[in-house]
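Chemist: First the structure, then my questions, so here it is.
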Amino acid sequence: MDTPATVSPRPGWWKYWVILSTRTQEDMAYRVNYVVGAIFRFLPLVTTLYLWMAVYKSRGETGGGTEIAGWTLGNMVSYYAFVYIARGFSSMPGMTRDICVDIKDGALNRYLVKPMSYFWYQVVYRLAHKLVFWLVALFTFPPIFWFIREAFTHRPSVLEVAAFVASLFIAFSIGICFNFLIGLLAFWFTEISTFLFVIMVMEFFLSGHLIPLNLLPAAAQPFLNYLPFAFEAYWPCTILMGKVPAGELGGLLGLGLAWAVSLFLACLVVWRLGVKRYSAVGG
Amino acid sequence: MIARYLHLTLLMMKNCLVREMQFRANFLIRLVTEVMWLGMQYVYLEVIFGQAADVGGWNKWQMVALLGTNHLVNQIFEALFFDNCARLVDQVRQGDLDFVLVKPANSQFLVSIRYTDFASILNGLVGVFLIAWAARQMGLTLDLGTVLLYALLVVNGVLILYSMMFMLSTLTFWIGRSSNLFELYYQLGQFARNPAEIYRWGLRVFLLTLVPMLVVSNYPAQAVARGLDLGHAAYGLSIGLAFFLAASLVWERGLRRYRSASS
Amino acid sequence: MPVIEASHLTKIYKTAKKKPGLSGAIKGLFSREVTEVRAVDDVSFSIEEGELVGFLGPNGAGKTTTLKMLSGILYPTSGTAQVLGFTPWERKNEYRRQFSLVMGQKNQLWWDLPAQESLHLNKEIYGVPDADYRKLLDELTELLQVKRLLGVMVRELSLGERMKMELIASLLHDPRVLLLDEPTIGLDVVAQKNIREFIRDYNRRRKTTILLTSHYMNDIQALCDRVIIINRGKKSFDGHLNDVVEQFSATKLVTAVFSDGGAPREELEKLGQVVEFTKTRAVLKVKREEVAKASNSLMNKYAVDDINIEEVPIEEVIEKAFASAEK
């Protein structure tokens with residue numbers, strides 16, 4: 285009799301599913317809080333909108349035209365709205381802190397003993413977090429975007445949409461790898477909360493979250509535009525806005541991918557070094 | 006009675022200061038991080054004013070004065086009340102208010118003034134520096150009356166922030182968890198940072214009444230940088246008082262739902 | 002005029018039930034089932050000045066909840082209470098200045114201050130005059146032998162030492178009513194004894210009305226003449242500790258020490274329930290009314306060296322008392 289090759293349920297996937305569903309349950313338990321938080325997340329967009337409206341108005345009144353660095357008001361508003369999408373993939377709130385705590389408290393021991401890589405545990409954990417985020421976002425984003433629909437003057441081509449989606453995956457990867465890497469510093473330093481804050485501010489600024497990078501001094505731009513942080517918000521947004529020439533898309537995404545891979549490799553290397561130190565010290 | 010509460014406040018502050026003095030490095034670190042954050046905001050202003058001459062009728066140095074004022078108000082709030090509001094959420098949730106409630110002193114007071122963060126007070130001074138610098142750039146000479154009005158409105162701004170955040174913390178009595186407090190505080194803070202004039206009238210009224218973020222920093226900044234008439238000042242102060250009273254009311258109602266921790 | 006008067010105090014808690022699993026959590030976003038828990042159910046009692054009364058009951062019985070209502074921490078669902086003429090949950094300052102609450106294993110002293118500073122802060126909050134404060138502090142720290150610990154951070158004190166400091170903090174403003182919730186819980190035997198003696202002494206000297214909750218029999222036996230038993234929120238007994246035994250213990254323990262052969266088990270079983278049995282010694286549980294008859298019978302029939310009649314251990318009695326309230 286022919287016995288088909290049995291495919292046993294892959295234990296790897298199953299335990300990740302359990303983590304995913306437990307985490308999702310936890311998030312949903314705080315229902316009012318979560319939904320309210322999801323709405324309040326857009327408050328800064330309101331201010332930004334009015335602020336730039338005032339800026340463009342003033343500029344227009346003094347004969348400066350309707351564009352700033354080639355962007356219309358609509359462009360500017362679109363940018364800040366798209367930043368929410370991009371950061372919904374690349375921002376990892378609390379990740380570095382969690383990792384530091386795990387390392388300091390010795391909770392890492394659990395992960396060194398079990399056949400589950402700590403890195404992938406974090407990935408799944410963050411994935412679950414993002415899943416809940418986007419589940420709720422499916423309800424909160426559309427009304428907001430509809431409300432400011434006049435700003436979306438550019439119809440992205442299929443190529444641009446595809447490039448945008450690709451850039452979101454890159455943003456997610458860079459976000460996770462970078463935050464993981466920084467968190468690993470806890471293997472060597474005990475008091476890094478200040479440093480973490482500095483890094484957070486840096487990431488916030490250099491991703492283009494506060495100001496689109498093209499508004500910064502021209503001299504700095506060649507450098508800033510090609511840091512990994514630029515791929516966490518600036519590039520995904522500008523791709524979707526059609527501000528990146530089609531010919532450059534490939535090269536840009538290639539660079540982003542290169543950053544993602546490099547950071548991933550760095551994670552592996554630094555992790556190994558850190559674990560060695562951790563075990564040596566007797567965590 | 007006020008003397009008694011003032012005395013208690015100073016006593017608790019003294020205890021906190023003694024404790025914080027043990028962590029001198031912390032002061033410096035906090036200063037550095039806040040200056041960084043402030044610096045970023047200043048860069049934002051520089052970029053904007055590289056492209057336009059005014060925002061809602063406010064020129065660059067008036068905006069800097071607003072930035073400094075906002076920073077000052079926030080730092081004072083964070084020094085005196087923010088931590089306590091955040092802790093309150095946990096205390097309510099875990100039923101840890103028992104001993105606060107049996108003491109012969111106003112429970113809201115005890116809960117709000119428990120910890121003082123002196124590093125933030127130091128940071129607030131950076132805000133003062135910004136305002137002074139902006140005033141100088143604008144060539145303003147400030148008479149005693151304006152300075153006093155400014156101080157009063159700053160205190161008023163802190164009072165409004167406190168009342169709002171305190172009420173949010175108190176919501177824990179009803180909805181079990183208010184972990185978004187930090188986030189909400191920062192999100193709402195955005196509105197305070199910008200001139201009232203940029204908002205359309207509907208939103209502007211909302212931000213001057215129900216969620217008076219514009220009274221918090223705009224009013225004092227205006228007092229120094231653009232002139233604020235007494236009518237507006239009086240309005241601002243009455244809003245502060247109204248919110249403070251509301252906070253006390255909500256607290257009392259919340260206590261009825263208090264569930265002490267089981268032993 | 003009783004110092005503490007509770008009348009039909011009731012506290013009902015509503016808790017939302019969470020359904021298990023992911024689908025349950027999603028359902029939980031839309032609707033929730035609510036269950037009611039009667040933590041305190043129609044409890045009434047009155048206590049005169051200077052009494053030292055014990056609240057006895059198993060964990061979760063409602064003793065602490067009752068105490069917290071008397072402290073003004075919790076609002077009752079229904080019922081009234083008067084302490085020193087005040088309604089506790091109105092939390093008037095005049096009331097709060099006259100009573101104290103001490104909870105075992107919970108700290109009211111600021112954790113990160115030296116004990117001295119913590120006590121001083123309390124002094125200021127209660128408005129205790131300097132001279133009185135210094136005198137009382139001296140007295141109390143001497144009595145409890147913790148004077149040398151005044152400069153130590155509260156968090157660095159041992160559990161027993163902390164409890165002593167907590168007691169001192171609670172007495173510095175000379176309260177008329179002292180509410181103690183499990184004050185000896187988690188302490189070692191010596192510390193327990195010290196604190197018990199201190200409380201008893203204090204009550205005798207100052208005539209402070211003291212209400213004490215505990216699930217340790219030793220506390221109650223050592224301190225309280227009067228006991229109120231609470232179980233599942235209901236009061237099942239209010240009276241003298243000895244009467245508890247009378248009411249709930251239908252049997253006594255008869256211990257007979259034999260010389261020369263002892264007694265056959267079957268014969269002993271006719272007199273009562275055999276708890277222990279050896280050739281030289283037997284312990285029987287005998288119905289109260291039949292104790293005299295049984296002991297006479299033993300002494301007449303067998304070579305009894307010694308005969309002893311005792312009450313059933315009070316723990317067993319209390320178990321019965323708790324069980325009786327569960328109807």
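Chains as they are written, first to last, in the working numbering: chain A, 285 to 567; chain B, 6 to 268; chain C, 2 to 328.
For each residue, glycine too, the CB sits at the ideal point set by N, CA and C.
1. Below 7 angstroms between beta carbons: does that hold for I466(A) and I454(A)?
2. May I ask you to verify whether the stretch 214-221 of chain B touches the stretch 155-169 of chain B, counting CB pairs closer than 8 angstroms and requiring at least 3?
3. Could you tell me which of S237(C), V284(C), H216(C) and R97(C) sits nearest to S45(C), measuring between CA atoms?
4. Mind checking W179(B): buried by the 16 CB within 10 Å criterion, or exposed?
5. So who's on the other strand from A17(C), going by DSSP bridges?
6. Take the Cβ of M6(B) as the centre, count every other Cβ of all protein chains shown within 10 Å, and call the residue buried at 16 or more, exposed below.
7. At least one CB of chain A closer than 7 angstroms to the CB of V216(B): is that the case?
8. Go through its chain and collect everything with a Cβ distance to V528(A)'s Cβ below 7 angstroms, but skip five positions before and after it.
9. Does DSSP classify P288(A) as helix, strand or coil?
10. Under 7 angstroms, Cβ to Cβ, is there at least one residue of chain C near S265(B)?
11. With a Cβ-Cβ cutoff of 7 angstroms, do E37(C) and K18(C) count as a contact?
12. Apart from the five residues on each side of it in sequence, which residues of its chain come closer than 6 angstroms, Cβ to Cβ, to D220(C)?
13. By how many angstroms is the C-alpha of M68(B) removed from the C-alpha of F54(B)?
14. What residues of chain B sit near V485(A), judged by a beta carbon separation below 8 angstroms?
15. If we count the other Cβ atoms within 10 Å of its Cβ and call it buried at 16 or more, is K560(A) buried or exposed?
16. Which parts of the stretch 73-141 of chain C are runs of the alpha helix (DSSP H), unbroken and 4 residues or longer, counting only runs that do not cross its ends?
17. Would you mind telling me which residues of chain B sit closer than 9 angstroms to Y334(A), beta carbon to beta carbon, in chain order?
18. Could you name the residues of the same chain whose beta carbon sits closer than 6 angstroms to that of T256(C), not counting the 5 residues immediately before and after it, in chain order?
19. Looking at V60(B) and the ligand ADP, is the gap between the Cβ and the nearest heavy atom below 6 angstroms?
20. Since I575(A) and Q56(B) are thought to touch, with beta carbons under 8 angstroms apart, how far apart are those beta carbons, to the nearest angstrom?
21. Starting from the Cα of E39(B), find the closest Cα among Y10(B), G100(B), A252(B) and N75(B) and give me that residue.
22. Run through the DSSP bridge pairs and tell me what E312(C) is partnered with.
23. Thinking C-beta only, is G61(B) closer than 7 angstroms to A470(A)?
24. Taking the C-alpha atoms as reference points, what is the distance between D103(B) and R119(B)?
25. Anything in chain A within Cβ reach of L50(B), meaning under 8 angstroms, just list it in chain order.
26. Taking all protein chains shown into account, do 16 or more other C-beta atoms lie within 10 angstroms of the C-beta of A58(B), making it buried, or fewer, making it exposed?
27. Looking at the unbroken alpha helix (DSSP H) that takes in K236(C), where does it start and where does it end?
28. Tell me which residue opens and which closes the alpha helix (DSSP H) that K286(C) is part of.
29. List the residues that DSSP assigns as beta-bridge partners of N232(C).
30. DSSP on Q146(C), reduced to helix/strand/coil?
31. Just list the residues that DSSP pairs W355(A) with in beta bridges.
32. The beta strand (DSSP E) spanning D182(C) covers which residue range?
33. Which residues in the same chain have their Cβ closer than 8 angstroms to the Cβ of A252(C), if we skip the five residues on either side of it in sequence?
34. Do you know offhand how far F513(A)'s Cα is from I458(A)'s?
35. Going straight from the alpha carbon of F425(A) to that of I230(C), what length do you get?
36. Taking Cβ positions, are L508(A) and L497(A) nearer each other than 7 angstroms?
Modeler: So, from the listed chains and residues:
1. As a working note, residue 466(A) is residue 182 in the first sequence. As a working note, residue 454(A) is residue 170 in the first sequence. No, the pair does not count as a contact, with Cβ atoms beyond the cut-off.
2. yes
3. Working through the third sequence from its first residue, we reach residue 45(C) at position 44. Of the candidates S237(C), V284(C), H216(C) and R97(C), the one whose C-alpha sits nearest the C-alpha of S45(C) is S237(C).
4. Position 174 of the second sequence, counting from 1, holds the residue named residue 179(B). Under this definition W179(B) is an exposed residue.
5. Here residue 17(C) is taken as the residue at index 16 of the third sequence, counted from 1. Looking at the DSSP assignment, A17(C) forms a beta bridge with V35(C).
6. For the purposes of this step, residue 6(B) is identified with residue 1 of the second sequence, where counting begins at 1. It counts as exposed.
7. As a position in the second sequence, residue 216(B) is number 211, starting the count at 1. Interface flag for V216(B) against chain A is unset, since no Cβ pair is found closer than 7 angstroms.
8. Looking up residue 528(A) in the first sequence gives position 244. Only T522 and L536 meet the Cβ criterion.
9. Position 4 of the first sequence, counting from 1, holds the residue named residue 288(A). Low per-residue confidence applies at P288(A): pLDDT is 42, beneath 50, and the placement is therefore not dependable enough to give any value.
10. Counted from its first residue, the second sequence places residue 265(B) at position 260. So yes, S265(B) belongs to the interface.
11. By one-based count along the third sequence, residue 37(C) stands at place 36. By one-based count along the third sequence, residue 18(C) stands at place 17. Contact: no.
12. By 1-based counting over the third sequence, the position of residue 220(C) is 219. So the qualifying residues of the chain are T185.
13. Here residue 54(B) is taken as the residue at index 49 of the second sequence, counted from 1. Here residue 68(B) is taken as the residue at index 63 of the second sequence, counted from 1. Each residue's alpha carbon lies about 10 angstroms from the other.
14. Your numbering for residue 485(A) matches position 201 in the first sequence. The answer, in chain order, is T38, M41, W42 and M45.
15. Here residue 560(A) refers to the residue found at position 276 when the first sequence is read from its first residue. Within a 10 Å sphere around the beta-carbon of K560(A) sit fewer than 16 other beta-carbons, which makes this residue exposed.
16. 94-97 and 116-127
17. On the first sequence, residue 334(A) is found 50 positions in, with the first residue counted as 1. Simply G61, N199, I203, Y204, R205 and L208.
18. Within the third sequence, numbered from 1, the residue matching residue 256(C) stands at position 255. V284 and N309.
19. This structure lacks the ligand ADP, and indeed carries no ligand of any kind.
20. Because chain A is modelled from 285 through 567, residue 575(A) falls outside the range shown and cannot be assessed.
21. Translated into positions along the second sequence, residue 39(B) becomes position 34. Minimum Cα distance to E39(B) is reached at N75(B).
22. One-based indexing of the third sequence puts residue 312(C) at position 311. For E312(C), which the question treats as bridged, DSSP gives the partners K253(C).
23. Sequence index remark: in the first sequence, residue 470(A) carries index 186 (1-based). Sequence index remark: in the second sequence, residue 61(B) carries index 56 (1-based). Not a contact, by the Cβ cut-off of 7 angstroms.
24. Taking the first residue of the second sequence as position 1, residue 103(B) is located at position 98. Taking the first residue of the second sequence as position 1, residue 119(B) is located at position 114. Going from the Cα of D103(B) to the Cα of R119(B) covers about 15 angstroms.
25. Taking the second sequence and counting its residues from 1, the one referred to as residue 50(B) is at position 45. Under the 8 angstroms cutoff, chain A gives no residues; its nearest Cβ is about 10 angstroms from L50(B).
26. For the purposes of this step, residue 58(B) is taken as residue 53 along the second sequence, with counting starting at 1. A58(B) comes out exposed.
27. Residue numbering aside, residue 236(C) sits at position 235 when the third sequence is read from its first letter. First-last for K236(C): K235 to H241, but that is the beta strand (DSSP E), not the alpha helix (DSSP H).
28. To locate residue 286(C), count along the third sequence from 1; it is residue 285. Where K286(C) is concerned, there is no enclosing alpha helix (DSSP H), although the beta strand (DSSP E) it sits in stretches over R282 to K288.
29. Residue mapping note: residue 232(C) aligns to position 231 of the third sequence, counting from 1. N232(C) pairs with K235(C).
30. For the purposes of this step, residue 146(C) is taken as residue 145 along the third sequence, with counting starting at 1. Residue state, collapsed to three classes: coil.
31. For the purposes of this step, residue 355(A) is taken as residue 71 along the first sequence, with counting starting at 1. According to DSSP, which records beta bridges pairwise, W355(A) is partnered with I352(A).
32. Here residue 182(C) is taken as the residue at index 181 of the third sequence, counted from 1. V178 to D182 is the span of the beta strand (DSSP E), which, as asked, contains D182(C).
33. For this step, residue 252(C) is matched to residue 251 along the third sequence. The identity of residue 252(C) in the sequence shown is Thr, whereas the question assumes Ala. Apart from the 5 residues on each side of it in sequence, T252(C) sits with its Cβ closer than 8 angstroms to the Cβ of G273, Q274, K286, V287, K288, R289 and V313 in its chain, given in chain order.
34. Mapped onto the first sequence, residue 513(A) falls at position 229. Mapped onto the first sequence, residue 458(A) falls at position 174. Cα to Cα, F513(A) sits roughly 8 angstroms from I458(A).
35. Stepping through the first sequence from its first residue, residue 425(A) is reached at position 141. Stepping through the third sequence from its first residue, residue 230(C) is reached at position 229. Straight-line Cα distance between these residues: approximately 59 angstroms.
36. Sequence index remark: in the first sequence, residue 508(A) carries index 224 (1-based). Sequence index remark: in the first sequence, residue 497(A) carries index 213 (1-based). Yes.
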